[in-house]
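Since the structure comes first, as structure tokens, the remarks are kept for the end.
Residue numbers (our numbering): 3 to 106.
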């Protein structure tokens with residue numbers, strides 16, 4: 003599964019390179035790496051009690067907030083694990099926030 007995820011990431015990054023190489027001033031592609039999901043270090047409440055495989059609603063909320071809070075960050079910062087916090091914190095974007103378009 004890890005090898006497949008790495009291949010998927012490379013394919014997605016290639017698409018990002020192609021789109022961003024066009025330097026369209028009104029369109030860009032950004033990536034939110036799945037590697038930020040640190041499920042191994044989450045509590046049991048992070049998995050669904052229906053099938054013990056899919057994320058629970060608690061996990062969905064935390065992951066959604068985690069991905070949103072990283073939206074404006076560079077790729078390295080986006081890849082850092084999303085910590086399990088007892089409360090969900092959503093960051094409001096600020097006037098100075100910009101989507102980072104790296105030279106991949």
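Positions of the beta carbon are idealized from the N, C-alpha and C atoms, including for glycine. Owing to the predicted nature of the structure, the values given are computational and were not obtained by experimental measurement.
Item, Value
"Span of the alpha helix (DSSP H), counted from its first residue to its last, around residue 10", "4-23"
"Sequence-distant residues of its chain with Cβ nearer than 8 Å to residue 58 (five each side left out)", "47, 48, 49, 50, 51"
"Neighbourhood of residue 34 by C-beta, 8 Å cutoff - its chain only, sequence neighbours within 5 removed", "69, 72, 73, 80"
"Close Cβ partners of residue 44 (< 7 Å) along its chain, the five nearest in sequence each way excluded", "61, 86"
"8 Å CB neighbourhood of residue 7 in its chain, flanking five on each side removed", "36, 37"
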